[in-house]
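Protein chains in written order, with this note's numbering: chain W, 1 to 298; chain E, 1 to 430. The beta carbon of each residue, even a glycine, is placed where N, CA and C say it ideally should be.
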């Protein structure tokens with residue numbers, strides 16, 4: 001297989017993983033205008049919840065097909081519950097304040113959650129890799145890829161397409177778009193904005209947690225795993241334009257392909273490649289490539 | 001005759017009585033001695049905590065407790081440090097290098113007498129000049145960069161464990177012997193001082209041993225990247241005869257998990273210089289992978305009284321065997337005790353000053369579970385050790401090593417005054 005195909009496959013796989021996590025971040029920013037620094041902790045929470053649920057299941061010889069459902073279930077429960085507590089317990093008290101205040105509040109949440117994770121799960125790593133190899137490999141030329149990676153591509157596609165369809169074709173989605181467009185007018189028109197806020201934040205948290213849970217079988221789940229992902233997903237949503245779903249998809253694809261190209265053709269430059277792309281994009285389009293238009297309020 | 005004896009006995013009896021009195025005073029003094037506070041810095045959070053920081057902290061805890069109880073075998077059977085109990089103060093190494101410098105100063109404000117710490121090479125390079133400025137005896141217990149004492153010299157800083165040069169020269173020697181027909185090699189190492197130096201030393205040694213070999217890929221992912229599939233694809237496509245990695249901590253475990261289903265370690269003879277820690281968790285290293293333990297530690301450690309004590313004490317308390325970071329922490333604290341008590345003896349049994357401890361520490365030879373260790377490099381501040389490599393073989397779900405080969409100090413370490421890179425480039429001559 002030529003190296004170009006390898007770059008494409010590796011790039012798309014990495015992009016799908018990034019997109020799955022970035023989707024929740026951009027959704028939350030789009031609706032609530034919060035740059036959620038705690039998004040990485042929600043990702044880590046999903047990973048921990050996932051391994052906690054499937055660890056004993058796998059150890060007792062449980063059906064591995066079920067383990068994938070358990071991973072997603074753990075992420076939905078953990079992400080939804082913590083997302084609800086975070087939004088209702090803290091964030092709603094800061095709406096309307098300077099975005100920097102909300103940024104600091106979510107950073108504080110990030111620090112609290114990092115320590116809470118250590119308190120609950122300790123500092124020893126958790127490894128449950130059986131679901132990663134169970135689905136077998138897909139041969140592509142002289143390279144083979146675990147089918148699990150294609151599962152993540154599929155889940156990312158479903159999440160992206162599903163969310164777009166929800167926003168476009170459902171009544172709730174259209175109302176949510178109205179909230180995104182102008183929350184004050186939406187409220188004046190009788191839309192229960194606070195309900196949309198909590199549901200949206202919970203959805204963003206669940207998406208981050210699903211990203212973490214599906215990543216868990218491929219890595220060693222350990223404290224600190226949420227830090228790296230925050231930086232990467234911020235790069236993705238900034239490139240694409242904050243609050244834009246197509247932007248997040250484009251940003252993830254661009255980052256994935258550039259990184260894969262660097263790995264194959266210029267390994268020493270992998271570290272910088274993502275930030276070079278981000279710097280170039282922001283130099284030309286300071287608000288990102290697909291930054292949503294904002295109506296000027298009079 | 002009787003009178004002669006009696007006359008001769010009088011001074012002897014007086015001397016014995018005086019000695020007993022002095023010993024009694026000294027014992028009382030030791031019993032009342034102010035505890036010696038040691039600042040222990042290691043990863044207590046982040047991806048390095050599980051495989052590195054926690055085993056190191058555990059080792060510090062049991063070493064201090066067993067020393068205080070006088071349960072450590074000779075020559076460390078005296079309680080604490082010369083009778084004074086040891087008290088440990090822990091600091092988390094996670095976070096930026098600048099944070100570590102601040103934390104180091106905070107540690108000194110807590111009144112610690114000595115500092116033992118640091119896994120990250122970057123942290124060691126940053127802390128060494130600060131220790132010098134603050135005039136605090138500081139021991140590096142794990143970091144590998146040889147640059148600490150090759151690019152500078154320090155009075156207050158010691159490293160009673162070996163550098164990473166030993167790991168990579170040993171790894172190159174082992175693969176060259178195991179695969180005499182090797183033509184190509186590749187590497188995947190973390191993109192910072194540790195990974196870059198490790199790759200340079202491995203590549204340089206292979207070039208010296210087998211000049212006709214060539215590198216076909218060198219992956220340098222970010223520290224803590226987590227996702228290595230693209231790098232694995234590139235390495236698979238390059239078809240190297242030998243694959244080298246100095247990955248450690250969560251990166252090592254992530255690589256093992258992701259490379260396993262793709263048979264990367266089966267398609268190339270793989271050497272993991274820090275692979276021993278991965279044999280302690282649930283990560284499964286496949287048969288045939290070559291691992292090192294950064295010295296004669298863990299499954300490579302010799303059978304001696306100190307090693308038996310360490311393994312028994314660690315297993316009893318933590319229900320696990322000590323991994324190499326545990327050995328290195330233990331070795332560092334034992335080195336400090338040896339230096340302290342040597343200085344104390346030279347000081348007439350009184351508590352030595354830091355300068356007296358430094359004088360006895362330089363060029364020290366001391367005993368450890370890994371054997372006799374000598375601070376023969378870095379003007380007497382840096383230890384030199386031999387090392388060993390072996391091949392993983394899973395037996396009944398337990399990781400063992402076969403084909404163990406030990407390397408002497410001369411085979412894996414440059415002579416005093418010669419920089420590692422120059423020694424390797426010059427053909428590894430002594």
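From the options, pick the residue whose C-alpha is nearest to that of residue i; which is it?
{"i": "residue 181 (chain E)", "options": "E:36, E:209, E:170", "result": "E:209"}
{"i": "residue 247 (chain W)", "options": "W:223, W:18, W:210", "result": "W:18"}
{"i": "residue 386 (chain E)", "options": "E:166, E:111, E:40, E:74", "result": "E:166"}
{"i": "residue 123 (chain E)", "options": "E:101, E:115, E:291, E:139", "result": "E:101"}
{"i": "residue 282 (chain E)", "options": "W:82, W:127, W:261", "result": "W:127"}
{"i": "residue 27 (chain W)", "options": "W:275, W:12, W:181, W:88", "result": "W:181"}
{"i": "residue 299 (chain W)", "options": "W:153, W:173, W:168, W:148", "result": "For residue 299 (chain W) there is no data in the structure shown, the boundaries of chain W being 1 and 298."}
{"i": "residue 276 (chain E)", "options": "E:323, E:175, E:238", "result": "E:323"}
{"i": "residue 121 (chain W)", "options": "E:34, E:116, E:60, E:50", "result": "E:50"}
{"i": "residue 82 (chain E)", "options": "E:360, E:349, E:294, E:429", "result": "E:349"}
{"i": "residue 179 (chain W)", "options": "W:191, W:169, W:70, W:170", "result": "W:191"}
{"i": "residue 215 (chain E)", "options": "E:243, E:389, E:309, E:118", "result": "E:243"}
{"i": "residue 431 (chain E)", "options": "E:154, E:302, E:319", "result": "The displayed coordinates of chain E run from 1 to 430. Any statement about residue 431 (chain E) would go beyond what the structure contains."}
{"i": "residue 222 (chain E)", "options": "E:188, E:94, E:41, E:128", "result": "E:188"}
{"i": "residue 37 (chain E)", "options": "E:359, E:137, E:293, E:255", "result": "E:137"}
{"i": "residue 200 (chain E)", "options": "E:218, E:211, E:183", "result": "E:218"}
{"i": "residue 294 (chain E)", "options": "E:44, E:268, E:327, E:195", "result": "E:327"}
{"i": "residue 229 (chain W)", "options": "W:139, W:78, W:110, W:83", "result": "W:110"}
{"i": "residue 356 (chain W)", "options": "W:226, W:240, W:67, W:146", "result": "For chain W, the structure presents residues 1 to 298; residue 356 (chain W) sits outside this window and is missing."}
Just the chain W side, please: which residues come within less than 7 Å of residue i by C-beta, in chain order?
{"i": "residue 236 (chain E)", "result": "143"}
{"i": "residue 54 (chain E)", "result": "123, 124"}
{"i": "residue 218 (chain E)", "result": "267"}
{"i": "residue 282 (chain E)", "result": "127"}
{"i": "residue 233 (chain E)", "result": "6, 10, 143"}
{"i": "residue 253 (chain E)", "result": "125, 127, 220"}
Can you name the residues of chain W whose CB is closer than 9 Å to the CB of residue i?
{"i": "residue 262 (chain E)", "result": "137, 143, 144, 145, 146"}
{"i": "residue 131 (chain E)", "result": "Within chain W, no residue comes near residue 131 (chain E); the closest Cβ sits about 26 Å away, beyond 9 Å."}
{"i": "residue 58 (chain E)", "result": "By Cβ distance, chain W contributes nothing, its closest Cβ being about 11 Å from residue 58 (chain E), past 9 Å."}
Using a cut-off of 8 Å between C-beta atoms, extract the partners of residue i located in chain E.
{"i": "residue 299 (chain W)", "result": "Any answer about residue 299 (chain W) is impossible in this case: the structure gives chain W only from 1 up to 298."}
Residue i touches chain W at which residues, Cβ-Cβ below 8 Å?
{"i": "residue 47 (chain E)", "result": "125, 220, 222, 223, 224, 225"}
{"i": "residue 44 (chain E)", "result": "123"}
{"i": "residue 396 (chain E)", "result": "Correct list: empty, because the minimum Cβ distance to chain W is about 17 Å."}
{"i": "residue 374 (chain E)", "result": "Going along chain W, no residue has its Cβ under 8 Å from residue 374 (chain E), so there is no contact; the nearest lies around 34 Å."}
Residue i versus chain E: which residues are under 7 Å apart at the beta carbon?
{"i": "residue 65 (chain W)", "result": "Simply none; closest approach about 17 Å."}
{"i": "residue 132 (chain W)", "result": "257, 261"}
{"i": "residue 157 (chain W)", "result": "The contacting residues do not exist; residue 157 (chain W) stays about 18 Å from chain E at best."}
{"i": "residue 271 (chain W)", "result": "191, 222"}
Any heavy atom of the ligand HEM closer than 7 Å to the CB of residue i?
{"i": "residue 26 (chain W)", "result": "Because no ligand of any kind appears in the structure shown, any question about the ligand HEM cannot be addressed here."}
At a CB-CB cut-off below 9 Å, which residues of chain E make contact with residue i?
{"i": "residue 118 (chain W)", "result": "44, 45, 49"}
- Item | the stretch 57-64 of chain W touching the stretch 192-203 of chain W, judged by at least three CB pairs closer than 8 Å | no
- Completely contained alpha helix (DSSP H) runs for the stretch 211-284 of chain E, where each covers 4 or more residues: 229-238, 249-259, 264-267
- Can you list, in chain order, the residues of the stretch 73-100 of chain E whose Cβ is nearer than 8 Å to any Cβ on chain W? 94
- Task: With 8 Å as the C-beta to C-beta threshold (strictly closer), list the residues of the stretch 10-29 of chain W near chain E in chain order.
- Result: 10, 11, 13, 14, 17
- Select from the stretch 252-266 of chain W all residues with a C-beta closer than 8 Å to any C-beta belonging to chain E, and list them in chain order. Within the stretch 252-266 of chain W, the residues whose Cβ lies closer than 8 Å to some Cβ of chain E are 259, 260, 263, 264, listed in chain order.
- Give a yes or no on contact between the stretch 46-55 of chain W and the stretch 166-186 of chain W, applying the rule of three or more CB pairs nearer than 8 Å. no
- Query: Can we say the stretch 159-179 of chain E touches the stretch 408-418 of chain E, given the rule of at least three CB pairs closer than 8 Å?
  - Reply: yes
- Item | Cβ-based contacts, 9 Å cut-off: residues of the stretch 133-154 of chain E near chain W | none
- Task: Kindly confirm or deny that the stretch 78-88 of chain E and the stretch 262-281 of chain W touch, where touching means at least three C-beta pairs closer than 8 Å.
- Result: no
- How do the stretch 361-375 of chain E and the stretch 154-166 of chain E stand: do at least 3 beta-carbon pairs fall below 8 Å, yes or no? At 8 Å Cβ cutoff, the stretches touch.
- Message: For the structure I just gave you, are there three or more beta carbon pairs, one from the stretch 218-232 of chain E and one from the stretch 258-266 of chain E, closer than 8 Å?
- Response: yes
- Item | At least three beta-carbon pairs within less than 8 Å, the stretch 133-148 of chain E to the stretch 399-407 of chain E | no
- Task: Determine, using beta-carbon pairs with one atom in the stretch 364-373 of chain E and one in the stretch 324-336 of chain E, whether at least three such pairs fall under 8 Å.
- Result: yes
- Message: Using a Cβ-Cβ cutoff of 8 Å, what residues of the stretch 86-110 of chain W are near chain E? List them in chain order.
- Response: Answer in chain order: no residues at all.
- Report the residue ranges of all alpha helix (DSSP H) runs contained in full by the stretch 142-213 of chain E; include only those spanning at least 4 residues, in chain order. 147-150, 164-178, 193-209
- Do three or more CB pairs link the stretch 226-240 of chain W to the stretch 58-76 of chain W at distances below 8 Å? no
- Taking contact to mean at least 3 C-beta pairs separated by less than 8 Å, is the stretch 267-276 of chain W in contact with the stretch 247-259 of chain W? yes
- Message: Across the stretch 94-105 of chain W and the stretch 22-37 of chain W, are there enough close Cβ pairs to call them in contact, namely three or more that are closer than 8 Å?
- Response: yes
- Task: Kindly confirm or deny that the stretch 338-348 of chain E and the stretch 311-327 of chain E touch, where touching means at least three C-beta pairs closer than 8 Å.
- Result: No, the stretch 338-348 of chain E does not touch the stretch 311-327 of chain E.
- Message: Runs of 4 residues minimum, wholly inside the stretch 312-348 of chain E: which ones carry the alpha helix (DSSP H) assignment?
- Response: 324-346
- What are the uninterrupted segments assigned as alpha helix (DSSP H) that are 4 or more residues long and contained completely in the stretch 162-218 of chain W, given in chain order? 171-181, 183-188, 193-215
- Message: Below 8 Å, how does it come out for the stretch 39-50 of chain E and the stretch 108-127 of chain E: are there three or more Cβ pairs, yes or no?
- Response: yes
- Message: If we require 4 or more residues per run, which alpha helix (DSSP H) segments fall completely within the stretch 9-88 of chain W?
- Response: 39-59
- Scan the stretch 28-112 of chain E and note each continuous beta strand (DSSP E) run of 3 residues or more that stays entirely inside, going in chain order. 36-42, 86-92
- Item | Cβ contact check for the stretch 297-307 of chain E and the stretch 132-151 of chain W: 3 or more pairs under 8 Å | no
- Task: Counting only runs of 3+ residues fully inside the stretch 358-416 of chain E, write out the beta strand (DSSP E) ranges in chain order.
- Result: 365-368, 371-377, 382-384, 387-395, 398-407
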